[in-house]
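So the structure is just underneath, and the comments pick up after that.
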């Protein structure tokens, strides 16, 4: 562990059910629209067991499903007490939809943990995993109005390529080149 890192990424287990469900409930009352970024459709999943099954399916290199790509979904936990800080998903390839609106990495930070630099650390750790998996050009997107997320991406080396309209939303597309 790097002494400056306050968090670590880990695969979810059955033991994380209460914390993940509390995270989901907190996000449900937050003024956000749609699903929880990087959560593998946690908001739309009826049971924790079904969610675990789904993320394990998507992580399996042998699993193929039209329109989907292999993805690794991880929990960000605090080193001091193991509390859940957020969720991050690394998508190992891009579909046309992900190329426009989702990118290789999606992440969410628990409402109570925001504005403390955790998103920047989560993205940095996710990029290290991308590097280990020989992924070199990483696309990350965010809504233009999400200034905090844009700053997180930029702090990790993101360079804005362009903006794409998605209905009333404007999505910014950033690329990070890994050595």
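Numbering (this note's numbering), first residue to last: 3 to 181. Just so it is clear, CB atoms sit at the ideal spot from N, CA and C, and this is done for glycine as well. Predicted model, so just to flag it, every value in this text is computed and none were measured.
N- and C-terminal bounds of the beta strand (DSSP E) containing residue i
{"i": "residue 108", "result": "107 to 111"}
{"i": "residue 73", "result": "73 to 80"}
{"i": "residue 162", "result": "161 to 168"}
{"i": "residue 173", "result": "171 to 179"}
{"i": "residue 91", "result": "86 to 93"}
{"i": "residue 67", "result": "No beta strand (DSSP E) holds residue 67; DSSP gives it neither H nor E."}
{"i": "residue 145", "result": "139 to 145"}
{"i": "residue 11", "result": "9 to 12"}
Where the alpha helix (DSSP H) containing residue i begins and where it ends
{"i": "residue 55", "result": "50 to 61"}
{"i": "residue 127", "result": "120 to 134"}
{"i": "residue 153", "result": "149 to 157"}
Nonlocal neighbours in the same chain, by C-beta distance under 7 Å from residue i, ignoring five residues either side
{"i": "residue 133", "result": "180"}
{"i": "residue 50", "result": "19, 22 and 23"}
Cβ distance (whole Å) where residue i is taken to contact residue j below 8 Å
{"i": "residue 107", "j": "residue 142", "result": "5 Å"}
{"i": "residue 109", "j": "residue 89", "result": "7 Å"}
Rounded C-alpha distance that separates residue i from residue j
{"i": "residue 162", "j": "residue 48", "result": "36 Å"}
{"i": "residue 64", "j": "residue 135", "result": "16 Å"}
{"i": "residue 146", "j": "residue 16", "result": "36 Å"}
{"i": "residue 21", "j": "residue 153", "result": "27 Å"}
{"i": "residue 57", "j": "residue 39", "result": "14 Å"}
{"i": "residue 73", "j": "residue 26", "result": "20 Å"}
{"i": "residue 159", "j": "residue 177", "result": "8 Å"}
{"i": "residue 175", "j": "residue 29", "result": "24 Å"}
{"i": "residue 18", "j": "residue 46", "result": "18 Å"}
{"i": "residue 119", "j": "residue 81", "result": "14 Å"}
{"i": "residue 144", "j": "residue 76", "result": "19 Å"}
{"i": "residue 100", "j": "residue 83", "result": "34 Å"}
{"i": "residue 157", "j": "residue 7", "result": "15 Å"}
{"i": "residue 68", "j": "residue 164", "result": "27 Å"}
{"i": "residue 126", "j": "residue 98", "result": "25 Å"}
{"i": "residue 171", "j": "residue 104", "result": "13 Å"}
Cutoff 6 Å; reference residue i; Cβ partners in own chain excluding five residues on either side
{"i": "residue 166", "result": "102 and 173"}
{"i": "residue 169", "result": "none"}
{"i": "residue 155", "result": "142 and 176"}
{"i": "residue 59", "result": "65"}
C-beta atoms of residue i and residue j nearer than 8 Å
{"i": "residue 86", "j": "residue 112", "result": "yes"}
{"i": "residue 124", "j": "residue 9", "result": "yes"}
{"i": "residue 14", "j": "residue 70", "result": "no"}
{"i": "residue 11", "j": "residue 61", "result": "no"}
Own chain partners of residue i with C-beta closer than 8 Å, once the 5 adjacent residues on each side are dropped
{"i": "residue 150", "result": "116, 117 and 121"}
{"i": "residue 94", "result": "71, 72, 73, 74, 106, 135 and 137"}
{"i": "residue 114", "result": "28"}
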